[in-house]
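Participant:
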Amino acid sequence: MPSGSAAPCPTCGCLETSCATCNDPNACIDSSSCCCSESHIAWRQSRLQSAERLEYYSLAWMSVEVLGSIGAGLLAGSLALMAFGGDSLVEMLSATVTVRHLKGDISGDRSYGAGTARLSNALLFSLIPIVGVGALYSFLNGVRPDGSLVGIAVALGALAFMPYLWFQKRKIGRETRCLPLKIDAVESATCFLMSVALLAGLLAESFFGLWWADYLAAGVILTFVAREAIESRREAADTGDHFVDPQHSAVEVRTGQ
Numbered sequence: 004m005p006s007g008s009a010a011p012c013p014t015c016g017c018l019e020t021s022c023a024t025c026n027d028p029n030a031c032i033d034s035s036s037c038c039c040s041e042s043h044i045a046w047r048q049s050r051l052q053s054a055e056r057l058e059y060y061s062l063a064w065m066s067v068e069v070l071g072s073i074g075a076g077l078l079a080g081s082l083a084l085m086a087f088g089g090d091s092l093v094e095m096l097s098a099t100v101t102v103r104h105l106k107g108d109i110s111g112d113r114s115y116g117a118g119t120a121r122l123s124n125a126l127l128f129s130l131i132p133i134v135g136v137g138a139l140y141s142f143l144n145g146v147r148p149d150g151s152l153v154g155i156a157v158a159l160g161a162l163a164f165m166p167y168l169w170f171q172k173r174k175i176g177r178e179t180r181c182l183p184l185k186i187d188a189v190e191s192a193t194c195f196l197m198s199v200a201l202l203a204g205l206l207a208e209s210f211f212g213l214w215w216a217d218y219l220a221a222g223v224i225l226t227f228v229a230r231e232a233i234e235s236r237r238e239a240a241d242t243g244d245h246f247v248d249p250q251h252s253a254v255e256v257r258t259g260q
């Protein structure tokens, strides 16, 4: 049913298939006590269940990225691959947190894993000195990474898969006003951009012998990681212990203990 085919909820303003016009998003978060019609609640829960499936797809693919990138990076001595794999590990934690939030939203439990979110942020920041110092040490000691066909395959997979996850998560996040899902969509977009840098560096190594391209790619990837970490820290500072949609400051989700 199109979003404009039914009258808005007289209490909160939600449309039949959209929460974008809701003037009480705090109530929307709790599907079990939502003031809207049963058909709207069923629609929202269905969309969140679709988002949950997307997160499981993310977890499956991130497992491939972590094992493939870090394993291939260790074998080839590629700092770019290991940095990419490290970020994928952080994205796995983010997807796990988002799944927990979605399950709670569907069932009416508003708890959110603030501790896990802080851990994800700390891991992101830790990647910067670990990979950065490793790259500098290897460069100064003349370590020349080898090309990696496995790494190229992982980067190609991310190029193919990440745009779909990015657009679908963003779409559902906007429709349902689910901030954790919208943030996770940004991480999927970041992963896509990082895979472009990774693939360019690996192809330059493998086919043109440009060994320094790995260090360049590692620097580009760490730039993305740093930006993602800073944005995540800023989001945490802005929201405190609450997950607030910055477009609607009334949204306030109590964190779990």
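For what it's worth, my numbering labels the leading residue of the sequence shown as 4, then goes sequentially.
Backbone N, C-alpha and C define an ideal beta-carbon position, used for all residues, glycine too.
Since the structure is predicted, the reported quantities are computational estimates derived from the model, not experimental observations.
#1: Using 8 angstroms as the threshold, is the C-beta distance between S151 and S81 below it?
#2: Straight-line CA distance for I155 to H104?
#3: Grab me the residues of A3's own chain with a C-beta within less than 6 angstroms of its C-beta, minus the 5 sequence neighbours each way, in chain order.
#4: Using a Cβ-Cβ cut-off of 6 angstroms (strictly less than) and excluding sequence neighbours within five positions of D149, which residues of its own chain qualify?
#5: Count the CB pairs spanning the region 39-57 and the region 134-141 that are closer than 8 angstroms, and state whether there are at least three.
#6: The alpha helix (DSSP H) spanning L159 covers which residue range?
#7: Since A203 is in the alpha helix (DSSP H), which residue starts that stretch and which ends it?
#8: Thinking C-beta only, is A83 closer than 8 angstroms to G204?
#9: Pick helix, strand or coil for S49, following the three-state DSSP scheme.
#10: Considering only their Cβ atoms, is the gap separating M165 from F195 smaller than 8 angstroms?
#11: Within its chain, find whatever has a CB closer than 6 angstroms to the CB of I73; leave out the 5 residues flanking it on each side and keep chain order.
#12: I need the DSSP call for G116, collapsed to helix, strand or coil.
#13: Tell me, to the nearest whole angstrom, how far the beta carbon of S69 is from that of L96; I am working on the premise that it is less than 8 angstroms.
#14: On the premise that L162 lies in contact with V189, defined as a C-beta separation below 8 angstroms, what is that separation, rounded to the nearest angstrom?
#15: Within 10 Å of its beta-carbon, does A221 have 16 or more other beta-carbons around it, so buried, or fewer, so exposed?
#16: Could you tell me the distance, in whole angstroms, from the CA atom of L184 to the CA atom of T20?
#17: Please look up how many angstroms separate the CB atoms of Q48 and I109, rounded, as I've assumed it's under 8 angstroms.
#18: According to DSSP, is S129 helix, strand or coil?
#19: I need the straight-line Cα distance from G107 to G76, nearest angstrom please.
#20: Quick check on DSSP: helix, strand or coil for S21?
#21: Should V67 and V153 be called a contact, given that it needs their Cβ atoms to be closer than 8 angstroms?
#22: Put A10 into one of helix, strand or coil per three-state DSSP.
#23: Look at the Cβ atom of E178, then the Cβ atom of C22, and state whether they are nearer than 8 angstroms.
#24: Which of helix, strand or coil does DSSP assign to W215?
#25: How big is the Cα-Cα spacing for T101 and I44?
#26: With distances taken Cα to Cα, identify the nearest neighbour of E41 among L18, N144, T99, R173.
Facilitator: Reading from the atomic positions:
#1: yes
#2: 34 angstroms
#3: What the structure shows of the chain is the stretch from 4 to 260, and residue 3 is not part of that stretch, so it cannot be assessed.
#4: A79
#5: no
#6: 152-179
#7: 182-211
#8: yes
#9: helix
#10: yes
#11: M85, G88
#12: Residue placement at G116 cannot be trusted, given a pLDDT of 48 that sits under 50; the coordinates are not used to answer.
#13: Residue identity differs from the one stated: residue 69 is Val in this sequence, not Ser. 11 angstroms between Cβ atoms; not a contact.
#14: Going by Cβ atoms, the distance from V189 to L162 rounds to 17 angstroms, so no, they are not a contact pair.
#15: Buried.
#16: Going from the Cα of L184 to the Cα of T20 covers about 18 angstroms.
#17: 5 angstroms
#18: helix
#19: 37 angstroms
#20: strand
#21: Not in contact: V67 and V153 (Cβ atoms no closer than 8 angstroms).
#22: coil
#23: yes
#24: helix
#25: 20 angstroms
#26: It is L18.
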